[in-house]
Amino acid sequence: MLALGSTPTSSSNHFHPPPPPPNPEDYTRFHARSIPTIDIYSYLVRIHKYCPAANECFLSLLVYFDRMSKIAFCRTSRPFTIDSYNIHRLIITGVMVASKFFSDVFYTNTRYAKVGGLPTSELNNLELEFLALNDFNISVPTSELQRY
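Residue numbers (our numbering): 317 to 464.
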């Protein structure tokens, strides 16, 4: 695992062919038409640079993603799949939601949208969907954060 701000080594830069598009029944609002060209590490660094947030905001993403998967499975008997087509949108939306919850000072949706490369209206819709997929429960107790 890399620390935020460190440089990836050549062993973490292996080329992998792009995954096939998800099945149509797996599409969510978070799915992009194509895989973004920016890798996840660079995307996280970009978000951290232009929209600094507490470490809890980034760590809470793991909690939110786990919750989303469990809730989706309970509702549909199918897991919520996180893949190359949706991870970037999930990350920017999750950081934005977590920042609003954990921080007294946070950036506007317009700023997050610009940093994330999305129209503001789309990010607004993703925020609502993200909250719904978490049953509007964005509280993450310290004990739960410590498990990650």
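For every residue, glycine included, the Cβ atom is placed at its ideal position computed from N, Cα and C.
Every value quoted in this text rests on a predicted model; they were computed, and no experiment measured them.
- Our two residues, R463 and R394, have alpha carbons roughly 25 Å apart in a direct line.
- At least 8 Å separates the beta-carbon of S358 from that of L461.
- Per the C-alpha coordinates, the member of L378, I407 and V421 positioned closest to I363 is I407.
- In the three-state DSSP reduction, C390 falls in the helix class (H, G or I).
- Between F452 and G410, the C-beta gap is not smaller than 8 Å, which leaves the two residues out of contact.
- Taking each of I387, F381, C373 and N402 in turn and checking the Cα distance to I351, the smallest one comes out for N402.
- When the beta-carbon positions are compared, N425 and L444 stay at least 8 Å from each other.
- According to the DSSP assignment, L434 belongs to no alpha helix (DSSP H), since it is labelled neither H nor E.
- The three-state reading of DSSP puts R345 in coil, since its state is none of H, G, I, E or B.
- Nearest neighbour of I354 by Cα position, chosen from K365, S419 and G433, turns out to be G433.
- Of the other Cβ atoms in all chains shown, 16 or more fall within 10 Å of the Cβ of F346; this residue is therefore buried.
- Y423 sits in coil when the DSSP states are folded into three classes, being neither helix nor strand.
- Secondary structure note for Y359: its alpha helix (DSSP H) is the uninterrupted segment I356 to Y366.
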